[in-house]
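Protein chains: 2
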Amino acid sequence: MSSLSQLEPRPIKSSSNTQDDIVYEHIFDAILEQRLAPGTKLSEEALGEIFGVSRTIIRRALLRLSHEQVVSIRPNRGAVVAAPSVEEARQIFAARRVVELAVIELAVKNATPESLQRIRIMVQEEQNAFARGDRGSGIRLSGEFHLELARMANNTPLLNFQRSVVSQTSLIIALYEVGHQAHCSFNEHDGLLKAIESGNPERAIAMMTEHLNHIEGKLNLDNESASTDLHVVFSGVAKKKNGRSR
Amino acid sequence: MSSLSQLEPRPIKSSSNTQDDIVYEHIFDAILEQRLAPGTKLSEEALGEIFGVSRTIIRRALLRLSHEQVVSIRPNRGAVVAAPSVEEARQIFAARRVVELAVIELAVKNATPESLQRIRIMVQEEQNAFARGDRGSGIRLSGEFHLELARMANNTPLLNFQRSVVSQTSLIIALYEVGHQAHCSFNEHDGLLKAIESGNPERAIAMMTEHLNHIEGKLNLDNESASTDLHVVFSGVAKKKNGRSR
DNA sequence: CCGGGTTAGATTGTATACGAGATCACAAGA
DNA sequence: TCTTGTGATCTCGTATACAATCTAACCCGG
Numbered sequence: 008m009s010s011l012s013q014l015e016p017r018p019i020k021s022s023s024n025t026q027d028d029i030v031y032e033h034i035f036d037a038i039l040e041q042r043l044a045p046g047t048k049l050s051e052e053a054l055g056e057i058f059g060v061s062r063t064i065i066r067r068a069l070l071r072l073s074h075e076q077v078v079s080i081r082p083n084r085g086a087v088v089a090a091p092s093v094e095e096a097r098q099i100f101a102a103r104r105v106v107e108l109a110v111i112e113l114a115v116k117n118a119t120p121e122s123l124q125r126i127r128i129m130v131q132e133e134q135n136a137f138a139r140g141d142r143g144s145g146i147r148l149s150g151e152f153h154l155e156l157a158r159m160a161n162n163t164p165l166l167n168f169q170r171s172v173v174s175q176t177s178l179i180i181a182l183y184e185v186g187h188q189a190h191c192s193f194n195e196h197d198g199l200l201k202a203i204e205s206g207n208p209e210r211a212i213a214m215m216t217e218h219l220n221h222i223e224g225k226l227n228l229d230n231e232s233a234s235t236d237l238h239v240v241f242s243g244v245a246k247k248k249n250g251r252s253r
Numbered sequence: 008m009s010s011l012s013q014l015e016p017r018p019i020k021s022s023s024n025t026q027d028d029i030v031y032e033h034i035f036d037a038i039l040e041q042r043l044a045p046g047t048k049l050s051e052e053a054l055g056e057i058f059g060v061s062r063t064i065i066r067r068a069l070l071r072l073s074h075e076q077v078v079s080i081r082p083n084r085g086a087v088v089a090a091p092s093v094e095e096a097r098q099i100f101a102a103r104r105v106v107e108l109a110v111i112e113l114a115v116k117n118a119t120p121e122s123l124q125r126i127r128i129m130v131q132e133e134q135n136a137f138a139r140g141d142r143g144s145g146i147r148l149s150g151e152f153h154l155e156l157a158r159m160a161n162n163t164p165l166l167n168f169q170r171s172v173v174s175q176t177s178l179i180i181a182l183y184e185v186g187h188q189a190h191c192s193f194n195e196h197d198g199l200l201k202a203i204e205s206g207n208p209e210r211a212i213a214m215m216t217e218h219l220n221h222i223e224g225k226l227n228l229d230n231e232s233a234s235t236d237l238h239v240v241f242s243g244v245a246k247k248k249n250g251r252s253r
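This is the structure in structure tokens:
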């Protein structure tokens, strides 16, 4: 519960119209930045107090997050930040490979000067964040780079799916990363950018494949790594017990 | 509003635990069976009366449907069955190609005797439905065939995405189909089944590509077909006006 | 000292009330 | 006749109250 204080509202980047969008984006960003660890309880009342809205709004935001699979709502037991099992992590990565490769191919095809410029700025910002030691922003911008690719691909359904798998990847990294190198090093993002600029789909696809290999390579998905958190370790068991947790 | 009476509860197939799941599945199936046309208003109070629950439950179900993009919630204006524009339809089909090809490849790889048996039964049921002239069930089973493939692929994220694009396809067909042949003829489904049984991924992928070509070929997406419904014609305009309708 | 059962407290699930905004009908003017 | 303005009515958006369920602390027996 004390960890929720980290959600303190602060200026947020993009278009946030309604109240539940604001709440949604704050929680989403907190998860993307790994300020909210997998398994963290998301109490409706506590969040309502923090954001100054009623439980109704919080509930809507949590529902959306649960549809994107980054939050798990257990009936009568409340919401927690999702903690994908090893098997789920594998499936997420397999799905991510599918969508990322499709996205990068479309991105090369549909790139415009404007979208390329947006990506350049994004890579630059990511580099700056890591340079000044702002790990949280760095991780988030690293994820948003991939979302920007999906925007460039000009396909809303794929963008939505990308949003879901990218944020879930952030959870997987938090759970299973070994060592603590920079995630998704921005050098590779710069390389991807250049590949897109070159207009060569094969090269871009090859680079993305390698990039994803690197990300996955930093994880230990071979067996349940020794975690201190029993809830994480036995999340798969608990899931089966009541049938429909996620 | 009178069309809502078609939602009358009736025995439904699968695991429906909570109240909102029941509502969700009924509406989802009605859309899949094309008993609910794109653009149909989904009044919260009317649905609440039909299903005997309060607006709270209805709202949750509609929210989930809107996250899957089969229902469009317009702020302060209520929910309607989504009516994808031509451009959106193109994007949905492009996304569907991506996921279906990935799914069929994984399905071949992960097929088990049990999952194959489920598919066989499904194809048979679909054939029976069309044979007895039950067009609604036929269309729904045709869509569920593709969902069963995703289950066979053993990848939950891809299954969820498949669910979204398959149901949206049902809307697109309702809007843009020319002529009224059988959708997604079950012969092709039978062919796909045999390809999976043969264990040959290339053959299965080729068949799926052709199958999707057939589905898309029956549509008129070349230009905005002359529709009598201004709301459909200008749905893209209305979307831009208030920013984030879908 | 440990384990099981019971009860108080806290949290979620659902319904409902009320205010805000949109829709529709009708009337007045062009 | 068609358009435009205005008000009544309806629907949605949000907060809140109460019921259902879970959690955890406590007590008691072994």
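Residue numbers (this note's numbering), protein chains in the order written: chain A, 8 to 253; chain B, 8 to 253.
For each residue, glycine too, the CB sits at the ideal point set by N, CA and C.
Quick caveat: nothing in here was measured; it's all calculated off a predicted structure.
Inter-residue spacing [alpha-carbon to alpha-carbon] between residue i and residue j
i       : j       : result
I146(A) : E40(A)  : 6 Å
P45(A)  : F58(A)  : 21 Å
A160(A) : S149(A) : 18 Å
I179(A) : N162(B) : 16 Å
Y183(B) : S122(B) : 33 Å
D36(B)  : S92(B)  : 22 Å
E133(B) : T63(A)  : 42 Å
A102(B) : A181(A) : 29 Å
M129(B) : L165(A) : 28 Å
H221(A) : N220(B) : 36 Å
E204(B) : L108(B) : 16 Å
E56(A)  : R84(B)  : 29 Å
Q131(A) : V185(A) : 27 Å
I99(A)  : V172(A) : 6 Å
E52(A)  : V78(A)  : 16 Å
N24(B)  : I38(B)  : 20 Å
Q26(A)  : A211(B) : 47 Å
F168(B) : P208(A) : 25 Å
V88(A)  : L72(A)  : 9 Å
S232(B) : E94(B)  : Because the pLDDT at S232(B) is just 48, under 50, the model does not fix this residue reliably, and the point stays unresolved.
H74(A)  : M214(B) : 32 Å
S174(A) : H196(A) : 17 Å
T176(B) : N117(A) : 23 Å
I80(A)  : I111(A) : 33 Å
L228(B) : G140(A) : 50 Å
Residue i - DSSP class collapsed to helix/strand/coil
i       : result
E184(B) : strand
R84(A)  : coil
V77(B)  : coil
S232(B) : The pLDDT assigned to S232(B) is 48, lower than 50, so where the model puts this residue is not dependable; a value taken from the coordinates is nonetheless given after this. Correct three-state label for S232(B): coil.
T25(A)  : coil
L43(A)  : coil
K116(B) : helix
K201(B) : helix
Chain B contact residues for residue i, given Cβ-Cβ distances below 8 Å
i      : result
R67(A) : L70
Contacts of residue i in chain A (Cβ-Cβ under 8 Å)
i       : result
Q124(B) : What Q124(B) touches in chain A: nothing, since even the nearest Cβ is about 23 Å away.
V185(B) : Those do not exist, as V185(B) stays about 24 Å from chain A at its closest Cβ, beyond 8 Å.
Neighbouring residues, chain B, relative to residue i (Cβ below 9 Å)
i       : result
A202(A) : Result: empty, since nearest Cβ-Cβ is about 20 Å, beyond 9 Å.
Beta-carbon neighbours of residue i, restricted to chain A and to distances below 7 Å
i       : result
I99(B)  : P164
A109(B) : V105
A102(B) : N162, P164, L165
Any residues in the region 69-89 of chain A with a beta carbon nearer than 9 Å to a beta carbon of chain B? Which ones, in chain order?
L70, R71, H74, E75, Q76, P82
Which residues, in order along the region 155-174 of chain A, keep a beta-carbon less than 8 Å from a beta-carbon of chain B?
N161, N162, T163, P164, L165, N167, F168, S171, V172
Take every Cβ of the region 63-72 of chain B, pair it with every Cβ of the region 95-112 of chain B, and state whether three or more of those distances are shorter than 8 Å.
no
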